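Below you'll find the structure, written out as structure tokens, and then a few comments.
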Amino acid sequence: MLDKEGIAKRIAQEIQNNYYVNLGIGIPTLVANYIPKNINVCFQSENGLLGMGPFPSEDAVDADLINAGKQTITMLPGASIFDSAMSFGMIHAQKIDLTILGAMEVSEMGDIANWKIPGKMVKGMGGAMDLVASAKNIIVAMQHVNKEGESKLLPKCSLPLTGIRCVKKIVTELAVLAVLPEGGFKLLERAPGVSVETIKKATLGKLVIEGDIPEMAFN
Amino acid sequence: MLDKEGIAKRIAQEIQNNYYVNLGIGIPTLVANYIPKNINVCFQSENGLLGMGPFPSEDAVDADLINAGKQTITMLPGASIFDSAMSFGMIHAQKIDLTILGAMEVSEMGDIANWKIPGKMVKGMGGAMDLVASAKNIIVAMQHVNKEGESKLLPKCSLPLTGIRCVKKIVTELAVLAVLPEGGFKLLERAPGVSVETIKKATLGKLVIEGDIPEMAFN
Amino acid sequence: MMNKKVKDAESAIFDIKDGDTLMLGGFGLCGIPENCISALVKMGVKNLTCISNNAGVDDFGIGLMLQQKQVKKMIASYVGENAEFERQLLTGELDVELIPQGTLAFRCMAAGYGMPAIYTPAGVGTEVAIGKEIRNFNGKDYLLEMAFNASFAIVKAWKGDTEGNLIYKATARNFNAAMAMAGKITIAEVEELVEPGGLDPNEIHTPGIYVHRIFQGSNYEKRIEKKTITK
Amino acid sequence: MMNKKVKDAESAIFDIKDGDTLMLGGFGLCGIPENCISALVKMGVKNLTCISNNAGVDDFGIGLMLQQKQVKKMIASYVGENAEFERQLLTGELDVELIPQGTLAFRCMAAGYGMPAIYTPAGVGTEVAIGKEIRNFNGKDYLLEMAFNASFAIVKAWKGDTEGNLIYKATARNFNAAMAMAGKITIAEVEELVEPGGLDPNEIHTPGIYVHRIFQGSNYEKRIEKKTITK
């Protein structure tokens, strides 16, 4: 079973050379720490920055330089600043190669719910609806089950949707799964020490298992 | 009867303090030379400049700094540069107070034709269709009759239209006329030494004459 | 040319009245028009509709206006981090319309570009699409979203000149640039106000034609919401 | 980060083939991609559809491509100042679609912003409106105009870095900025190419994400169409 860092580490393997990547809040933010040295990647922050660097040192903190999670950050050489309209323009024009975000629920059709729990949480969708409606490739980073032990991989989302038929891949503490175009979660990899049986039990939506399922490889 | 400079001089009187103005090619360009000293005006050039200044001195000529008529120009202090999309954005959002342009024909409904003579001239509409479709206030600067002596103020335009129901005022070598909302050219002023009879003869569209028509005043 | 300089925030917002619709620039607390918000609180104008990406925090930004119950309706994309906001929302004192962040930006831009409406894929298949026109282009569905129509846009820039030209700093540009274009009256507060000629025309983000009033603000707190540093 | 630098115009345009649709930046002869145009002429690629505000003059700019009969169709807003163009148009060798200048700019911007189409008032009631959908918003008619879908955008900037970030100079920005966002492949030629960090992120007009290949051009003629000076 993976911890959050493990999930981030596994997702980092999905990033290819010269990718422009948008990272959501939470586990996705951790992915930046595990990019292989030989991979060029450029992080976009949808509040208006390409070329986001690490957190600043104490004396380099600038209130005018934050990421979409409102954290103080830095810019790498070659960074560029733009306004919110152009930022979502490049998102909608599919210039971002990969979007990694968290979810409360994912359906076997690739629908995603991550912005609202009626009567309980109303923070708003922020840029998530734009990202999921436009991204070429979306990977969801999340726990396989919620705090009540209920599966978050469902036949159909019960929470208000953020977007439909958009999630391509899911990485949880238990497994890597692809969402099949015709519907269904195809099990690709098991987390170290996790059995297929465990994943079956934790998955309420249609799970597709073909042949032997390898364990995730980390190096 | 006015010459081109006279038409430009009369139109300059229409410019109010703090106006943003777009000047078309031809007579409109001359208007800039007659702005009263006490009037603040800012000229927009639709290729991407606010705060257009006079033509440069020989040693200040810059190939990267031209107006929409492709003439080399200068920038005044406080000028700003923007791209073509934003330029037409501000035009469509009606941020320009006054547009002055030439015409081949104007109809008594305020339609304008100034971009094409079928089989004879196909230069294109450039920015004219955008300007006439969006301007709050459009003044046409033109000769009252064409080279064949035919009136250019018509019941209906015979040439392909640039825009409909948009011209508010017309200044020619003979007269100043307003286009009435219900249709018709209302005669406002006569050029020095020009009789109402002369204007009547030169106007094919409906001409509305009420009371005494004053002669244009220049100072 | 033009002189759009006014003395201070009070003189810039003098004609904002009860029931007006305001756009307020900023993302979180980054790049918010601090001086104008203070002046609006002092002025006590009520029943406002505020269009802003966020609603500030409890005791800063738009949160200060919420405390004074000056806001009737909030149009935003993300409103976490604000307990008073949540309270007013749950009690029904506050009307809230949550819209996708890109939709918020594009509806501003549409207003500034004279576009009556734009098409966006954001929200298709979700509750955001309810009651909206859906149209398919090239096999993909889009929602028709209308341009905003706000009486005032209030933005914060880094540098400005008396012609109204604006330059923003780093990610404090965010919604300020699109909103500056979108107000029927646009008010800009800047950290440094210079004379015409003091800014490079090539570096201007918002041309002065979009700005109606400008002043040099003071005492910027620039509060940081989530200070994160490398250990 | 990324390195988008290529050696020269030839290596930048190597995969442009007969029948492709190209956007070419510039207004008149101001800000045109001189190096790429020369390379296209040398390459001899044919049956091109060119989207450009103008068509150059007889012996410069896109005029050079017209001379070699490389252009099958031209989408432009203004094509005066070009006798060879007029000849090809009148003989029917050249297919020409004239569209309003704002429409040209917005159709580029729409492509760069992922908008399938935009509404514009330009051309309502004229022959430009023929066959197009007209829609009334708030009492005013607008035409629905589709985003461009061009295989290549070829632009000219003043400065650029190897990440593809671009800064234009003065009115040479014109259509270059909107077109740079609109190509499936965007090629930029610049007068000065620097390493990452050599440009101020705050002053960049086109973020590198929109640019796929960049090179430092040479021997810019920057011909002036109408030199006008104050006596």
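Chains as they are written, first to last, in our numbering: chain A, 1 to 219; chain B, 1 to 219; chain C, 1 to 231; chain D, 1 to 231. No residue lacks a Cβ here, since even glycine has one placed at the ideal position from N, Cα and C. No experiment lies behind these values; they were computed from the predicted model shown.
Taken through DSSP and simplified to helix, strand or coil, Gly-89/A comes out as helix. Within chain D, the C-beta atoms nearer than 7 angstroms to that of Glu-203/C come from Glu-203, in chain order. Here Ala-105/D is buried, its C-beta having at least 16 other C-beta atoms within 10 Å.
For Lys-72/C and Lys-226/C, the gap between their C-alpha atoms comes out near 28 angstroms. The DSSP-derived three-state label of Gln-88/D is helix. The residue among Asp-8/C, Asn-3/C, Met-2/C with its C-alpha nearest the C-alpha of Glu-189/C is Asp-8/C. In this structure, Ile-164/A places its C-beta atom within 7 angstroms of the C-beta atom of Gly-125/C. Less than 7 angstroms divides the Cβ of Met-109/D from the Cβ of Ala-85/B. Cys-157/B and Asp-212/B have their alpha carbons spaced roughly 29 angstroms apart.
Each of Pro-56/B, Val-21/B, Glu-197/B was checked against the Cα of Val-208/B, and the nearest Cα belongs to Glu-197/B. Looking at the backbone, the Cα of Gln-101/C and that of Phe-27/C are separated by about 10 angstroms. Looking from the CA of Arg-173/C, the closest CA among Gly-31/C, Thr-103/C, Thr-228/C, Lys-222/C belongs to Gly-31/C. For Pro-28/A, the uninterrupted alpha helix (DSSP H) segment begins and ends at 27-31. Rounded to whole angstroms, the gap between the alpha carbons of Lys-4/C and Gly-164/C is 6 angstroms. Using beta-carbon distances, Leu-49/B counts as an interface residue toward chain D, with a partner under 7 angstroms. Contacts with chain C at 7 angstroms (Cβ-Cβ) include Pro-160/A. With a beta-carbon spacing of about 6 angstroms, Pro-121/D and Lys-140/D fall inside the 8 angstroms limit used to define contacts.
At a cut-off of 7 angstroms between beta-carbon atoms, Pro-77/A makes contact with chain D. For Met-125/B, the chain D residues whose C-beta falls within less than 9 angstroms of its own C-beta are Ser-77, Tyr-78, Leu-98, Ile-99, Pro-100, Gln-101, Ala-122, Gly-123, Thr-126, Val-128, listed in chain order. In the DSSP assignment, Met-179/C falls within the unbroken alpha helix (DSSP H) covering 174-180. Between Met-75/B and Gly-48/B, the CB-CB gap reaches or exceeds 7 angstroms. Under the 7 angstroms criterion on CB atoms, Ile-81/B is classed as interfacial with respect to chain C. A straight line joining the alpha-carbon of Val-96/C with that of Asp-58/C spans about 17 angstroms. Secondary-structure assignment with DSSP links Lys-73/C through a beta bridge to Thr-49/C, Asp-95/C.
Here Pro-207/D is buried: its Cβ has 16 or more other Cβ atoms, across all protein chains shown, within 10 Å. Taking the beta carbon of Asn-138/D as reference, no residue of chain B falls within 9 angstroms; the closest one sits roughly 13 angstroms away. C-alpha of Val-128/C to C-alpha of Ile-99/C: approximately 7 angstroms in a straight line. Assignment of Glu-81/D by DSSP, reduced to helix, strand and coil, places it in the coil class. At a cut-off of 7 angstroms between beta carbons, Tyr-20/A contacts chain D. Using a Cβ distance threshold of 7 angstroms, Cys-36/C and Ile-13/C count as a contacting pair.
By the criterion of at least three beta-carbon pairs nearer than 8 angstroms, the region 17-28 of chain A is in contact with the region 125-141 of chain A. For Phe-185/A, the enclosing beta strand (DSSP E) has its first and last residue at 185-190. Rounded to whole angstroms, the separation of the alpha carbons of Tyr-119/C and Cys-42/B is 34 angstroms.
Counting only runs of 4 or more residues that sit fully inside the region 142-203 of chain B, the alpha helix (DSSP H) segments are 196-202, in chain order. Exposed is the label assigned to Asp-18/C, since fewer than 16 other Cβ atoms lie within 10 Å of its Cβ. When the beta-carbon positions are compared, Leu-177/A and Phe-185/A come within less than 7 angstroms of each other.
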